[in-house]
Structures are given as C-alpha cells and as structure tokens.
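Colleague: The structure follows.
Dropping the structure here:
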C-alpha cells in the first residue's frame, strides 16, 4: 500500500464484510506529530483467539486462500513510522482498529487521496451501512455523515447512483481543503 | 462550493427520472474486486475510471459495484462484466487507461475486449 488512504479502504472493506451497519472513520493529526487513524464498526467482531492472531499474515477468515494481509500491512506501516496498531474487538459487538504514526518519520506514508477513498467506500457500501467520516487537523475539521445525506435524498435514491456519487466525491474533495488550510480554523462544512 | 442544497436539487431531478429507471432488470453489472490484493494492485483508480466513464456517458443501464477477493490475486486488478443473457467476462491486470476502451467497446457496443480478458492473460 503506497498511501494510508488505501489501508483505510482495505480495513473498512473488512468492516463491510463483517456485516457492520455503522462505520466510523476518523483521521486525526493532532499537531503534536502523531497521526491517528481509527476505523470503528459494529460488525460481527472477533473472538479473543482470532483477535490474538489477526495481524499474523497467515490468519484469515477466508476459505479460498490462507493469507490475510490487510491488518499485517497496516501494522507494518505504523511500526515502520514509529507508531503502533491497536485492535479492540468483541464478538457480536464490533471492532475498533487504531493505527498511530509519527508524522515526521521518514517512513510515514502519505495520507493520499482520502476524498476518493471515502467516496468509493460510500459508493460501494450496502444501503444498510451508515458511514461517519471525520478528518481533524490543527487547521480545521471536516465531517461527513451518510445519515444526513440519506435524510435529504430519501430511501429511494441510493448513495451509489452516479449523480449522487459525483456530488459526494466533489463535496469530500472540497471538505478536505478545510483540513489543509494554513490558518487555524474550526469550521465544520455545512 | 458544493452544498447540501445542490444535493436536494439532484434528488428533485432524480425523482423525476426514477420511474424510467425503476426495476431495470436488463442492467449490465461491472464488479470490481476491492480486497487487499485488488487495492494494493491498483483497483481504486480502476473503479474510479469505471464510475467516471459511466457517469460521463450517462449509461443508466450500467451498475458499477464492488466485491471482495475474486480469487486470482496475481491477476488483480480484476473487473467482472455481467451482461444479461451472456456469460460473465473477466478482465484482468486492469489499469485506469484500459477502462474507457472496455466501456466503449463492451458496455456500449457489446464487443468484448478479448486482449484484456483472463483468457488472454499468461
């Protein structure tokens, strides 16, 4: 994975596979040099035995092959950048994956295309899944909640329809600009 | 700036078209593999390219969706095309550059781009 946004996409796909109906993605750059990425879901969760092995590349829930590389790759990326990976999970309740990175570390990967990643997640998500995305930096904060979008669109217009999908992509791209402004500001877009 | 007002306008427009699109069982489905193997190999720009092309050409009979690992990780990025009444076509080792051709030739003109299919892959 060349960008952390791709790790976010990958871990979030696990949440979708786990049958989550709520997915909370938070990216926080706190200003003290630590970048924290949290992906929290209310999916099927993991047993303590599976949780203990889930960052082993030879552990997977899949039966078609014997490797699962998503979490091991994220752990590797975090540890190479002077950070770590925490996973909390409870069977039947959900999973919280937290990855921390030292932003000034030479091996800290770029965040990449967060707007594209989140819009793809929303486009591909089942209608039963609600996604909350929050990006906080010292410059500002941007938040998108699919429940708010569905409230406007109603249940008959899916978030995956091309027109809506294009709007979400542009909205996210503009929102991301808020988190990159040089002047500190706390606006929340709309 | 994009606003929620604009989203409301999209809803109004789409509700008018909804009856025309409803229950279109003749839809062509494009399914892109988005597991770790696909994402690491570049499936995201491929999926974005399909979404862009379908939107640009206003192909209301095409649905682009995502799935997990298709099972041939070494050939990712992979997209499967399902045309009603026809056998599934599997395109492999895709790049965003290849997508407009698949959309034009296969999704619009119903000619499979054989050279990008799994059958042509070594």
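Chains as they are written, first to last, in my numbering: chain A, 1 to 190; chain B, 1001 to 1122.
Heads up, the beta-carbon is just placed ideally off N, CA and C, and yes, glycines get one too.
Every value quoted in this text rests on a predicted model; they were computed, and no experiment measured them.
#1: How many angstroms separate the CA atom of residue 1004 of chain B from the CA atom of residue 1012 of chain B?
#2: Suppose you measure from the CA of residue 1006 of chain B to the CA of residue 85 of chain A; what does that come to, to the nearest Å?
#3: On a Cα-Cα basis, can you pick out the residue from A/123, A/144, A/115 that is closest to residue 1050 of chain B?
#4: Using beta carbons (cut-off 8 Å, strictly below), is residue 145 of chain A in contact with chain B?
#5: Once DSSP output is grouped into helix, strand and coil, what is the label at residue 43 of chain A?
#6: Of all the CB atoms in chain B, is at least one closer than 8 Å to the CB of residue 109 of chain A?
#7: Have a look at the DSSP bridge pairing and note the partners of residue 94 of chain A.
#8: Please classify residue 1048 of chain B as buried or exposed, where buried requires at least 16 neighbouring CB atoms within 10 angstroms.
#9: Please name the residues in the stretch 165–180 of chain A whose beta-carbon is closer than 7 Å to at least one beta-carbon of chain B, in chain order.
#10: Does chain B have any CB closer than 8 Å to the CB of residue 157 of chain A?
#11: Run through chain B and tell me which residues come within less than 8 Å of residue 163 of chain A, C-beta to C-beta.
#12: Can you tell me whether DSSP reads residue 29 of chain A as helix, strand or coil?
#13: Look up residue 1104 of chain B in the DSSP assignment and say whether it is helix, strand or coil.
#14: To which residues does DSSP link residue 35 of chain A through a beta bridge?
#15: Do residue 54 of chain A and residue 74 of chain A have their CB atoms nearer than 8 Å?
#16: I want to see whether chain B comes within less than 8 Å of residue 231 of chain A, judged by CB atoms only; does it?
#17: Out of B/1017, B/1032, B/1014, which one is the CA nearest neighbour of residue 1077 of chain B?
#18: For chain B, is any of its Cβ atoms less than 8 Å away from the one on residue 131 of chain A?
#19: Using the Cβ count rule (16 or more neighbours within 10 Å means buried), how would you classify residue 1110 of chain B?
#20: Any Cβ of chain A within less than 8 Å of the Cβ of residue 1048 of chain B?
#21: Our contact map puts residue 153 of chain A next to residue 115 of chain A with C-beta atoms below 8 Å; I'd like the distance itself, whole angstroms only.
#22: DSSP has residue 1117 of chain B in a bridge; who is on the other side?
#23: Going by beta carbon distance, what residues of the same chain come within less than 6 Å of residue 1100 of chain B, once the five residues before and after it are set aside?
#24: Can you give me the Cβ contacts of residue 134 of chain A inside the same chain, cut-off strictly under 6 Å, excluding the 5 residues immediately before and after it?
#25: Could you pull out every residue in the same chain whose Cβ sits closer than 6 Å to the Cβ of residue 1073 of chain B, ignoring the five residues on either side in sequence?
#26: Alpha carbon to alpha carbon, how far is residue 1075 of chain B from residue 1081 of chain B?
#27: Would you report the Cα separation of residue 3 of chain A and residue 110 of chain A, rounded to the nearest angstrom?
#28: At what residues does the alpha helix (DSSP H) containing residue 10 of chain A begin and finish?
#29: Starting from the beta carbon of residue 1074 of chain B, find every residue of chain A whose beta carbon is closer than 7 Å, and list them in chain order.
Modeller: Quick look at the numbers:
#1: In the second chain, the residue the question calls residue 1004 of chain B occupies position 4. In the second chain, the residue the question calls residue 1012 of chain B occupies position 12. Between the alpha carbons of residue 1004 of chain B and residue 1012 of chain B lies a gap of roughly 13 Å.
#2: Against the second chain, residue 1006 of chain B aligns to sequence position 6. Against the first chain, residue 85 of chain A aligns to sequence position 85. CA-to-CA, the gap between residue 1006 of chain B and residue 85 of chain A works out to about 39 Å.
#3: As a first step, residue 1050 of chain B is located in the second chain; it is residue number 50 there, counting from the start. Selected option, being the one with the closest Cα: A/123.
#4: Residue numbering aside, residue 145 of chain A sits at position 145 when the first chain is read from its first letter. By this cut-off, residue 145 of chain A is not an interface position.
#5: One-based indexing of the first chain puts residue 43 of chain A at position 43. In the structure shown, residue 43 of chain A sits in coil (DSSP, three-state: anything other than H, G, I, E or B).
#6: Numbered from 1 along the first chain, position 109 holds the residue referred to as residue 109 of chain A. It does not: the Cβ of residue 109 of chain A has no partner Cβ on chain B nearer than 8 Å.
#7: For the purposes of this step, residue 94 of chain A is taken as the residue at position 94 of the first chain. According to DSSP, residue pairing for residue 94 of chain A in a beta bridge involves A/90.
#8: Within the second chain, residue 1048 of chain B is the residue found at index 48, counting from 1. Result: buried.
#9: 165, 166, 167, 170, 171, 174
#10: By one-based count along the first chain, residue 157 of chain A stands at place 157. Answer yes: the Cβ-Cβ gap between residue 157 of chain A and chain B drops below 8 Å somewhere.
#11: Numbered from 1 along the first chain, position 163 holds the residue referred to as residue 163 of chain A. The answer, in chain order, is 1010, 1013, 1014, 1055.
#12: Looking up residue 29 of chain A in the first chain gives position 29. Three-state DSSP puts residue 29 of chain A in a strand.
#13: Along the second chain, one-based indexing puts residue 1104 of chain B at 104. In the structure shown, the three-state DSSP call for residue 1104 of chain B is helix.
#14: To locate residue 35 of chain A, count along the first chain from 1; it is residue 35. For residue 35 of chain A, which the question treats as bridged, DSSP gives the partners A/29, A/101.
#15: Position 54 of the first chain holds residue 54 of chain A. Position 74 of the first chain holds residue 74 of chain A. In this structure, the beta-carbon distance from residue 54 of chain A to residue 74 of chain A does not fall below 8 Å.
#16: A question about residue 231 of chain A goes unanswered here, because the residues of chain A that appear run from 1 up to 190.
#17: Sequence index remark: in the second chain, residue 1077 of chain B carries index 77 (1-based). Closest by alpha carbon: B/1032.
#18: Translated into the one-based positions of the first chain, residue 131 of chain A becomes position 131. Residue 131 of chain A is outside the set of residues whose beta carbon lies under 8 Å from a beta carbon in chain B.
#19: The count along the second chain starts at 1 and reaches residue 1110 of chain B at position 110. Residue 1110 of chain B should be labelled exposed.
#20: Walking along the second chain from the start, residue 1048 of chain B turns up at place 48. Closer than 8 Å: yes.
#21: Position 153 of the first chain holds residue 153 of chain A. Position 115 of the first chain holds residue 115 of chain A. Residue 153 of chain A to residue 115 of chain A, Cβ: 19 Å. No contact.
#22: As a working mapping, residue 1117 of chain B is identified with position 117 in the second chain. Residue 1117 of chain B pairs with B/1091.
#23: Stepping through the second chain from its first residue, residue 1100 of chain B is reached at position 100. Once the five neighbours on either side are set aside, the close Cβ partners of residue 1100 of chain B are 1053.
#24: Looking up residue 134 of chain A in the first chain gives position 134. For residue 134 of chain A, where only same-chain residues beyond five positions count, the Cβ hits under 6 Å are 26, 143.
#25: Translated into positions along the second chain, residue 1073 of chain B becomes position 73. Within the same chain, residue 1073 of chain B has close Cβ partners 1037.
#26: By one-based count along the second chain, residue 1075 of chain B stands at place 75. By one-based count along the second chain, residue 1081 of chain B stands at place 81. If you take the alpha carbons of residue 1075 of chain B and residue 1081 of chain B, they lie about 16 Å apart.
#27: Along the first chain, read from residue 1 onward, the residue named residue 3 of chain A stands at position 3. Along the first chain, read from residue 1 onward, the residue named residue 110 of chain A stands at position 110. Spanning the two alpha carbons is a distance of roughly 5 Å.
#28: For the purposes of this step, residue 10 of chain A is taken as residue 10 along the first chain, with counting starting at 1. First-last of the alpha helix (DSSP H) with residue 10 of chain A: 4–17.
#29: Your numbering for residue 1074 of chain B matches position 74 in the second chain. Here the premise fails: no neighbours, minimum Cβ distance about 11 Å.
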